[in-house]
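Protein chains in written order, with our numbering: chain A, 635 to 780; chain B, 685 to 1176.
Heads up, the beta-carbon is just placed ideally off N, CA and C, and yes, glycines get one too.
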C-alpha cells in the first residue's frame, strides 16, 4: 500500500474554496491538468456513487467514483475505477479545514493505492506534484488574484 | 446541559517535528503559555505518560488539574481533560492535533474542546477558552519557537526558581525562658528557603491552643526546647516550595498542624506532609481557629468515642474552642452531653452550641450533679482540667467508662493508678491529635469532615477572638484568664 499526503494553506475561507472544488464534475474549471469531464448516466454530480469520466491534458482517460461527500466536513472521497496509471485500490480524499485565525483554510489531499514496485516512486511523485500540489497551486493562484 | 464547543486553528511557521516536540510534553505549557503561571506534573510521573496529571496555576489565580488521556506520536494528537478546577467548567475534554503543511514545511495546529458551564455563563467561558487559552497560546508558542525561553516575560517562574533561594525577613514571637505570658517576645527573624519537601507559607492566621501554654510554662520540655517559638497550627498562602513538593503551588491557600511548635510567626517553612489545601468557603481565620480543634473533636468522637448514639459525655471547658465544637458535633451525632463551664455567660454560649446540660462551677465540683443527670455517671469524660478535678472526674465516671485526658489546665496529674481504674473497670487515655493525622491522607480526610460539618451547618462555627501576632502575650493572658469563649487566633 502506497500513501500520498499533500497539504497546503489557501488564502480564502473554507466555504469559498469548497464552492470551487465541490463539484465532482468541475475539475476542468479549477485543475490545470484536466481537459474535460462528464458524469456518466446523466446523474447529478453530487450524487454519492456517481462516476466522472474525464481526460487529462495529455489525453489519458480516467473514471472515478464518488464515495463520500460532506458539506459539513468539506470532504470529498473518491476511487479510481479506470486509468492508464497502473494503480489499483486507489482511494483519495480531498479535505478542507477552516483556519480560525484568518480568512484562510488548510487543504489536504491524500491517497492510498497499490501499484507495481518499479513504478512506485515515479508514480507517487507524479500524483503528489502534478495532481495534488498542482491543484493546490491553482487554487492558491486563483484566490490570491481575487 | 448543552455542551459548549470551541475550535481554534492556526498555522505555525515551523516544521511539525519541532512543534510536536514541545506540545507532546504535557507540562511544557508552563514554558510557553503566558496564561500559565506555574505547572507541575503530579506524583513524579513523566510528562508524556498517558494518565499523568498536570497541576497548574493561572496568572489570574485560578487552579486547574488536567489529565493526559491520549497521546499519539504517529498522528500528532493529544487529548486531555480537566479533573479539578476552581473555574466552574465541567466535562472539559480538549484535543490538540497537528498536521504537516507539506508545501512549506509549516504546521497546521487544530485545538478543540467540549465542556459545560453554569447556565448563562456560556459566552464567558467560551471566550475565555477560545481567546485567552487557545488563540493566546498560538501566539505564545509562535514566539517561543522564534525566540526561545526568553520570550516568556515571567521568567522568574521557571522550575529552578520554584524555591526562592533568597533569605526573607519575617516577624516571630520568640521564647528564651519558660514562664508566664511575658516571656513571649516579638522580634524580626531571617527565614531561609524551604527544604526539598517543605513549603514556605505566608501565614495570615495562627491558632492558639492550650498546649501552647503548657509548652510556655515548661511542662513538656521534650516537645519544646529553648529558645523557641510556640504554635502548632496556622493558615495562609504558599509563597514557594521545595523541589520535591508536587501538590502545592504558590498562591495556594493552605492550613497545617505540625507536631513541631513554631507557628507564631509571619513566614514559616513547613513540611508538605502537614499541609492541606483550603476549600474556598473556609477563611484563613476559620482554618486557624478550627483546624486542630476540629480534628481533635473528630478523633475524640470517631476514634476514641466510636460514636455510640445515646452515650453519655461529660465535656469540660464546654465553651472553649474544642468544647464548643465537640458539644455541637456530639449532639448532632446523637450523644447526650453535659458540659462544665466557669461562668453563666459561658453556660449560655455552651447551651446555644448544643450542650443540653450545663454545670457552672468555678471550683471543679460537679460529680453529684453529673450523677443526678446521668444516673451512674458519664460513659466518656473529655477532661482538660487535670489534677484539681481529678477526684470529681473519677466520681463522675460510670462503670466501664472512658476517661480522656486532653489537657491539664489546673496542673499535671500527680498519679493515676491502675488500681483506681480497676475499681470502676475504667479505661483512660492520653491522646495527642498529631497521632491521628500521621499521614497526609488521614489529615485531609479529617480536615474535609471538619470543613464539611462547619459548612453544612452540622456544627455552628464557635466565636473567634482575634489578637495581633505582636500581642501574643496578651492573647495568652486572655486564654489563661478563663474568660474567653470559643477559639483564639493571632493575626499575622
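Let me see if you follow: with CB-CB separation under 8 Å, is residue i close to chain A or not?
i: residue 956 of chain B; result: no
i: residue 835 of chain B; result: With a pLDDT of 49 at residue 835 of chain B, under the threshold of 50, the modelled position of this residue cannot be trusted; read the value that follows with caution. Cβ-Cβ to chain A under 8 Å: no for residue 835 of chain B.
i: residue 817 of chain B; result: no
i: residue 692 of chain B; result: yes
i: residue 747 of chain B; result: no
i: residue 809 of chain B; result: no
i: residue 838 of chain B; result: Model confidence at residue 838 of chain B stands at a pLDDT of 42, short of 50, so the residue's coordinates are unreliable; what they give is reported in the following sentence. Not closer than 8 Å to any Cβ of chain A, the Cβ of residue 838 of chain B fails to qualify, so no.
i: residue 703 of chain B; result: no
i: residue 695 of chain B; result: yes
i: residue 812 of chain B; result: no
i: residue 822 of chain B; result: yes
i: residue 845 of chain B; result: Summary for residue 845 of chain B: the model assigns pLDDT 40, below 50, so the residue's position carries little reliability, and this model does not support an answer.
i: residue 848 of chain B; result: Bear in mind that a pLDDT of 48 at residue 848 of chain B, under 50, signals an unreliable position, so the number given afterwards is only what the model happens to contain. Not closer than 8 Å to any Cβ of chain A, the Cβ of residue 848 of chain B fails to qualify, so no.
Do residue i and residue j have their C-beta atoms closer together than 8 Å?
i: residue 780 of chain B; j: residue 765 of chain B; result: no
i: residue 1174 of chain B; j: residue 813 of chain B; result: no
i: residue 803 of chain B; j: residue 696 of chain B; result: no
i: residue 937 of chain B; j: residue 961 of chain B; result: yes
i: residue 760 of chain B; j: residue 783 of chain B; result: yes
i: residue 1023 of chain B; j: residue 999 of chain B; result: yes
i: residue 1030 of chain B; j: residue 1005 of chain B; result: no
i: residue 737 of chain B; j: residue 726 of chain B; result: yes
i: residue 1080 of chain B; j: residue 1061 of chain B; result: yes
i: residue 1145 of chain B; j: residue 970 of chain B; result: yes
i: residue 913 of chain B; j: residue 864 of chain B; result: no
i: residue 950 of chain B; j: residue 1172 of chain B; result: no
i: residue 942 of chain B; j: residue 882 of chain B; result: no
i: residue 755 of chain B; j: residue 732 of chain B; result: yes
i: residue 724 of chain B; j: residue 739 of chain B; result: yes
How long is the line joining the alpha carbons of residue i and residue j, rounded to whole angstroms?
i: residue 1035 of chain B; j: residue 948 of chain B; result: 32 Å
i: residue 768 of chain A; j: residue 661 of chain A; result: 12 Å
i: residue 737 of chain A; j: residue 656 of chain A; result: 19 Å
i: residue 925 of chain B; j: residue 873 of chain B; result: 20 Å
i: residue 909 of chain B; j: residue 862 of chain B; result: 9 Å
i: residue 1019 of chain B; j: residue 997 of chain B; result: 7 Å
i: residue 879 of chain B; j: residue 935 of chain B; result: 18 Å
i: residue 806 of chain B; j: residue 800 of chain B; result: 8 Å
i: residue 745 of chain B; j: residue 797 of chain B; result: 22 Å
i: residue 1097 of chain B; j: residue 1111 of chain B; result: 16 Å
i: residue 704 of chain A; j: residue 719 of chain A; result: 28 Å
i: residue 1010 of chain B; j: residue 911 of chain B; result: 34 Å
i: residue 987 of chain B; j: residue 748 of chain B; result: 34 Å
i: residue 697 of chain A; j: residue 716 of chain A; result: 5 Å
i: residue 1028 of chain B; j: residue 931 of chain B; result: 47 Å
i: residue 860 of chain B; j: residue 904 of chain B; result: 15 Å
i: residue 837 of chain B; j: residue 778 of chain A; result: Unreliable placement is indicated for residue 837 of chain B, whose pLDDT of 43 sits below 50; no coordinate value is reported for it.
i: residue 693 of chain A; j: residue 776 of chain B; result: 54 Å
i: residue 689 of chain B; j: residue 638 of chain A; result: 32 Å
i: residue 1012 of chain B; j: residue 1103 of chain B; result: 34 Å
i: residue 1066 of chain B; j: residue 1045 of chain B; result: 16 Å
i: residue 1032 of chain B; j: residue 1043 of chain B; result: 11 Å
i: residue 1021 of chain B; j: residue 1082 of chain B; result: 14 Å
Looking at chain B, is there any beta carbon in it that lies within less than 8 Å of the beta carbon of residue i?
i: residue 708 of chain A; result: no
i: residue 651 of chain A; result: no
i: residue 727 of chain A; result: no
i: residue 692 of chain A; result: no
i: residue 737 of chain A; result: no
i: residue 734 of chain A; result: yes
i: residue 711 of chain A; result: no
i: residue 647 of chain A; result: no
i: residue 682 of chain A; result: no
i: residue 744 of chain A; result: no
i: residue 643 of chain A; result: yes
i: residue 747 of chain A; result: no
i: residue 636 of chain A; result: no
On the DSSP bridge assignment, give the partners of residue i in chain order.
i: residue 926 of chain B; result: Residue 926 of chain B pairs with nothing; no bridge assigned.
i: residue 710 of chain A; result: A:703, A:728
i: residue 1083 of chain B; result: Its beta-bridge partners do not exist; DSSP assigns none.
i: residue 722 of chain B; result: B:741
i: residue 853 of chain B; result: B:874
(request) Could you name the residues of the region 772-784 of chain B whose beta carbon sits closer than 9 Å to any beta carbon of chain A, in the order they occur along the chain? (result) Those would be 783, 784, in chain order.
(request) Mind checking the region 870-903 of chain B against chain A and listing, in chain order, the residues whose C-beta falls within less than 7 Å of any C-beta there? (result) Cβ contacts with chain A come from no residue of the region 870-903 of chain B.
(request) Scan the region 749-773 of chain A for residues whose Cβ lies nearer than 7 Å to a Cβ of chain B and list them as they occur along the chain. (result) Hits within the stretch, in order: 767, 770.
(message) Can you pull out the residues from the region 786-801 of chain B whose beta carbon lies closer than 8 Å to at least one beta carbon of chain A?
(response) Along the region 786-801 of chain B, the positions whose C-beta sits under 8 Å from a C-beta of chain A are 786, 787, 788, 790, 792, 794, read in chain order.
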